[in-house]
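Structure, as structure tokens:
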Amino acid sequence: MVDQLENIIGQPHAVNQLKALIKNRRIPHALLFSGPPGVGKFFTSIQLIKANAKPEHQRKIHNFEEPFVKYIFALPRGKGEDSNHSPTEKLTDKQIEELRSQLELKKANYFHKVQIEGANTIKISSIREIKKFLSLDYSDISYRFIIIEDAHLMNDSSQNALLKSLEEPPEGVIFILITPYEERLLPTIISRCWKIKFNNLSNEYLQKILIENFSVAHEVALKVSLFSNGSIQKAVELVENDMQSLLNSTIQILRFSFGGWFNSAYIELKNATDDFDPPKVKEILNLIQIWLVDIQKNRINDENYYFFEFADTLERFNKNFPNAQIQQISREIDELIQLMDKNILLNVIILNLILRLNSISIWN
């Protein structure tokens with residue numbers, strides 16, 4: 190069933206490693222899939238599981254049914270919940286419904302990112318359930334898999350609890366830990382896993398997944414892929430936030446700032462980010478950074494722009510401000526992004542952004 194791995198696109202290095210492990214019948218008892226978010230690590234996990242299962246078990250694997258697949262991910266904490274409760278025992282009916290809905294979306298599309306309100310950690314109760322899972326005898330099944338998605342969301346206690354299960358799992362049990370933040374895992378966890386590194390997807394593969402798995406229009410997929418850094422997760426966020434509107438707002442914010450229309454720039458940014466929602470403000474800052482990259486491309490006659498439909502703004506900027514220190518401005522915007530991560534008042538960051546952009550017109 191190695192053919193299942195042919196379904197994996199854009200990750201030839203990972204696929205070749207997995208094929209070799211299957212061919213040599215030496216699949217380690219614990220795998221660590223690391224690399225950027227949104228590049229197909231979970232999709233690959235399911236294909237690997239299917240590649241090691243009988244045809245009659247494929248549907249059960251598709252539906253994440255135990256004992257073939259135990260799927261662990263972050264869950265919200267219920268009212269009055271402690272470590273003695275089961276992972277879902279104290280959740281409200283609304284939370285349970287949201288959980289079921291997200292799982293259905295995940296089954297329909299393995300690239301879907303499960304998002305449940307308040308789900309910030311992988312509970313120790315979820316990890317303790319692994320011990321029960323391992324204690325059951327399923328000798329008639331060649332392989333059982335335990336997927337822990339966003340494994341970095343385990344705290345130290347949860348990781349130490351997992352360590353006990355990782356050390357001596359029963360024959361035929363394989364752990365797959367998925368994370369974009371390997372450094373947040375304990376060294377003792379990492380040392381017990383066979384690491385497989387995933388890379389950013391190419392724009393072509395990104396477009397293919399957006400079109401086939403998310404029903405995104407071709408022209409939208411083409412545009413979004415340019416700004417997604419090879420991440421499906423990032424691309425979907427841009428689609429959901431109306432990529433074209435974000436680009437238009439970015440250009441307007443730049444125009445107002447350069448022209449000294451501070452209030453207009455402030456209002457445009459406020460409207461574009463739903464009253465300064467931090468992730469959306471950060472997205473606008475990132476788009477301004479990309480526009481600055483295009484400014485540098487224009488200066489060396491490289492017309493492979495990200496903001497290709499706004500090429501006129503690049504021409505006019507370099508004509509009006511030929512000596513603008515683009516790298517310095519870019520560094521300063523990087524500093525503003527870092528300040529956001531330190532919970533500095535957003536108003537301070539926004540005003541600094543507008544004033545810094547305006548200073549270009551003053552000093553040139």
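Numbering-wise (our numbering), the sequence shown opens with residue 190 and increments by one.
Ideal placement from N, C-alpha and C gives every residue a C-beta, glycine not left out.
Remember, predicted model here, so these are calculated numbers, not experimental data.
Alpha carbon of residue i to alpha carbon of residue j, nearest angstrom
i, j, result
"Q247", "K239", "6 Å"
"F510", "N536", "27 Å"
"I440", "A461", "11 Å"
"R488", "L481", "11 Å"
"A406", "Y394", "15 Å"
"R505", "F496", "14 Å"
"F262", "I421", "19 Å"
"S570", "P467", "The question about residue 570 has no answer, for the chain in this structure spans 190 to 553."
"I549", "F447", "7 Å"
"D329", "N402", "34 Å"
"K459", "K312", "37 Å"
"I374", "W450", "With the sequence shown as reference, residue 374 is identified as Leu, and Ile is not the correct amino acid for it. Roughly 48 Å separates the two Cα atoms."
"I337", "I365", "6 Å"
"N507", "D501", "10 Å"
"R214", "Q193", "16 Å"
"K296", "L544", "48 Å"
"S314", "K249", "24 Å"
"I197", "E270", "39 Å"
"N418", "K268", "39 Å"
"P244", "H251", "12 Å"
"E521", "N392", "28 Å"
"D483", "E255", "50 Å"
"T280", "A340", "Reading off the sequence, residue 280 comes out as Leu, not Thr. Roughly 21 Å between the two C-alpha positions."
"P201", "L207", "10 Å"
"Q517", "D491", "21 Å"
"Y327", "Q396", "41 Å"
"M432", "N532", "26 Å"
"S331", "E360", "9 Å"
"Y455", "K212", "59 Å"
"A410", "L436", "15 Å"
"K353", "S347", "10 Å"
"L443", "D530", "23 Å"
"V204", "L237", "9 Å"
"D523", "L542", "11 Å"
Proximity of residue i and residue j at Cβ, strictly below 8 Å
i, j, result
"F416", "L399", "no"
"A219", "W383", "yes"
"A308", "P265", "yes"
"S453", "F465", "no"
"I515", "Q478", "no"
"I363", "I216", "yes"
"Q284", "Q304", "no"
"I378", "L342", "no"
"R333", "E356", "no"
"Y299", "F253", "no"
"K471", "D463", "no"
"L476", "L525", "no"
"L323", "P358", "yes"
"E371", "S223", "yes"
"T310", "N344", "yes"
"S414", "A424", "yes"
"L546", "I538", "no"
"S438", "E457", "yes"
"E306", "E287", "yes"
DSSP state of residue i mapped onto helix, strand, coil
i, result
"F447", "helix"
"F253", "coil"
"L264", "strand"
"T310", "strand"
"V428", "helix"
"K353", "helix"
"V409", "helix"
"K243", "coil"
"K508", "helix"
For residue i: DSSP bridge partner residues
i, result
"R333", "V362"
"I533", "Its beta-bridge partners do not exist; DSSP assigns none."
"S223", "T368 and K386"
"E338", "I367"
"V258", "F334"
Residue i CB to nearest heavy atom of the ligand NAD below 7 Å
i, result
"T310", "Judged by which ligands are present, the structure shown has none, so any question about the ligand NAD falls away."
Q | Inter-stretch contact (C-beta, 8 Å, three-pair minimum) for the region 310-321 and the region 250-262 | A | Yes, they touch.
Q: Take every Cβ of the region 383-392, pair it with every Cβ of the region 214-232, and state whether three or more of those distances are shorter than 8 Å.
A: Touching, yes.
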